[in-house]
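The sequence shown: position 8 = 8 (UniProt numbering), numbered continuously. C-beta atoms are modelled at their ideal positions from N, C-alpha and C, and glycine is treated no differently. As the structure is a prediction and not an experimental result, all values here were calculated from the model. Since the structure comes first, as structure tokens, the remarks are kept for the end.
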Amino acid sequence: MGVTEGPIRMSDAAGPMSQVNFASKAGSAKKVKDRHERQQNIRRLFTATGRMSFYVKTAQPHFGMDLISADEVDKLCEKLLWEVHETNWHCELHVLDARLLDMSKWSSMHCWECEAQLAKVWDKQDSGSGLTVAPC
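See the structure below:
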């Protein structure tokens, strides 16, 4: 593996990991072959589903519809932190609702109605915030 300029490529990183120890005990050739085959299968799996693309200098990464640039990193971090906070709050509200109402004995239709009412907290047309649930 030679020295490359720029970020490390997948092929550069995979090289050292895939080297097989041929100095192992006699009779373990099948184990070595099986291990190597498993590694190759895992690579094929994540190449197809992991969306790990090759490094391209001119690539323009996106988050949703927003173009990501070095200048916008702080803004993106704030947006991600806000999304995590909202998701956590959403989950906490659902758990609180389920505990207070004991929905275990309800019919499916009744549960769906309750979920629809709870979903209005996040309805962008109504308010777009949690202030409808906990006003200041």
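Return the first residue and the last residue of the alpha helix (DSSP H) that residue i is part of.
i, result
"Ala119", "Ser108 to Ala119"
"Trp89", "Val73 to Leu101"
What is the DSSP secondary structure of residue i, reduced to helix, strand or coil?
i, result
"Asp34", "helix"
"Trp122", "helix"
"Arg43", "helix"
"Ala29", "helix"
"Ser24", "Low local confidence applies: a pLDDT of 49 at Ser24 is under 50, so the model's placement there is unreliable, and no value is given."
Looking at the C-beta of residue i, does it have a partner C-beta in chain B at a distance below 8 Å?
i, result
"Ser104", "Here chain B cannot be found, since the structure has a single protein chain."
What distance in whole Å lies between the Cβ atoms of residue j and residue i, which are believed to be in contact at a cut-off of 8 Å?
i, j, result
"Leu76", "Ile68", "6 Å"
"Leu100", "Cys114", "No, Leu100 and Cys114 are not in contact; Cβ-Cβ is about 11 Å, not under 8 Å."
- Is it a yes or a no for the stretch 114 to 124 touching the stretch 84 to 95, going by three-plus beta-carbon pairs under 8 Å? yes
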